[in-house]
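Engineer: Residue numbers (full-length UniProt numbering): 1 to 284. Every residue gets a Cβ at the ideal spot worked out from N, C-alpha and C, and that includes glycine.
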Amino acid sequence: MFEKRGFLGDPLCSDHGSVRWQDPRFDGSDFTYWKIRMAAFLRSQHSSVWDICQRADYQVLDERVTQLQQWEYEANNKARNFLLTALSHFEFNRVSHIRTAHEIWTTLANFHVGTSLVKARLYEMYKREYENFSQQPGESIDDLFSRFQSIANKIRANARNGALPYDDHEQACKLLFALDRSIWQMKKESIVESSGYETITTVELYSKLKVSEVDAQAQARMSGPTPKSLALMSGPSSGSAANANPSVGYALSLISATEEKLEALDDKKLCLLSTSSSASTPIG
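1) With a threshold of 16 other CB atoms inside 10 Å of the CB of isoleucine 191, please say whether the residue is buried or exposed.
2) Opposite leucine 87 in the DSSP bridges: which residues?
3) Would you kindly work out how many angstroms separate the C-alpha atoms of serine 223 and valine 214, rounded to a whole number?
4) How many angstroms separate the CA atom of glycine 196 from the CA atom of arginine 221?
5) Contact check, alanine 75 vs isoleucine 52 under 8 angstroms by CB: the rounded distance?
6) Of all the alpha helix (DSSP H) runs that stay within the bounds of the stretch 112–172, which reach a length of 4 or more residues?
7) Taking 6 angstroms as the limit between beta carbons, can you name the residues of its chain near alanine 231, skipping five residues before and five after?
8) Does DSSP put glycine 9 in a helix, in a strand, or in coil?
9) On the criterion of 16 or more Cβ atoms from any shown chain inside 10 Å, does tyrosine 126 qualify as buried, or is it exposed?
10) As a quick exercise: from Leu61, Asp62 and Arg37, pick the residue whose alpha carbon is nearest that of tryptophan 50.
11) Please tell me whether glutamine 149 and alanine 178 are closer than 7 angstroms, where the distance is taken between their beta carbons.
12) Please report the distance separating the alpha-carbon of serine 276 from that of glutamine 22.
13) From which residue to which residue does the alpha helix (DSSP H) around glutamine 185 run?
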């Protein structure tokens with residue numbers, strides 16, 4: 001674990017003594033994000049620095065008689081220094097009295113993430129939020145995917161093994177069927193019926209949906225919804241998006257247009273819509 005050759009070194013200083021890297025700062029917010037970054041930073045310094053943070057059995061010895069004990073002592077001092085200098089004043093006061101890097105790391109995790117019992121409760125709560133996930137009225141594809149990823153990250157952070165219980169394809173299917181049916185039903189059906197549905201990923205799904213959304217928004221800006229066409233295309237079910245922003249509501253309604261609604265449009269708008277529809281067909 002601890003090698004004499006190249007032990008710890010001096011990765012923080014350049015030849016001229018200037019700081020080369022800086023450890024991630026933590027001010028008490030978003031511990032999960034900081035923990036991942038800090039763990040990567042500690043590993044980058046030396047394997048022994050990260051190893052000592054995981055050593056629950058390590059105790060600081062006042063007298064060190066072997067070379068191994070001295071190496072462990074130096075690794076702990078370095079890891080402890082990195083952790084303490086990364087903390088805000090308030091967080092520093094919480095753990096400054098602790099002598100081992102492992103206990104500092106564990107104390108911060110227990111306070112900000114919770115004990116195993118708290119994490120188990122949070123895991124179940126976020127899992128239910130995942131299962132009940134659905135698109136909100138007028139929510140964009142970017143916002144939808146961002147909100148979904150946030151829930152997935154919270155599940156992963158509180159899972160016992162630190163892993164998400166759903167693979168990427170299952171997440172893509174969850175997102176697809178969480179779409180607002182009044183807007184995306186036709187697009188959803190075309191994706192389900194496509195040849196790549198059985199293996200579709202979240203990245204592929206995002207691309208398909210984003211293309212349709214961008215095309216619809218572009219056509220809405222070009223055509224400019226009139227009160228009559230907006231009423232014909234929107235219908236009573238999509239009123240929330242249209243009321244918030246008529247152009248956006250009209251753009252979203254283009255995605256889910258039925259044949260009856262298309263027949264009610266004039267030739268100019270029908271021509272514009274045909275361009276949008278051809279662009280939104282699913283990728284092979």
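Structural biologist: Based on what the coordinates show:
1) When all chains shown are included, isoleucine 191 counts as buried.
2) Its beta-bridge partners are Phe26.
3) The straight-line gap from Cα to Cα measures roughly 14 angstroms.
4) Cα to Cα, the separation comes out at about 32 angstroms.
5) Confirmed, about 4 angstroms.
6) DSSP runs (the alpha helix (DSSP H)) wholly in the stretch 112–172: 116–131 and 141–158.
7) Only weak support is given to the placement of alanine 231: the predicted model assigns it a pLDDT of 43, under 50, and the question is left unresolved by the model.
8) Low per-residue confidence applies at glycine 9: pLDDT is 40, beneath 50, and the placement is therefore not dependable enough to give any value.
9) It counts as buried.
10) For tryptophan 50, the nearest C-alpha among the options comes from Arg37.
11) In this structure, alanine 178 does not lie closer than 7 angstroms to glutamine 149 by Cβ.
12) Because serine 276 sits at a pLDDT of 45, beneath the cut-off of 50, its placement in the model cannot be relied upon, and the following sentence gives the value as read from the coordinates. So the alpha carbons of these two residues sit roughly 49 angstroms apart.
13) In this chain, the alpha helix (DSSP H) harbouring glutamine 185 covers 181–192.
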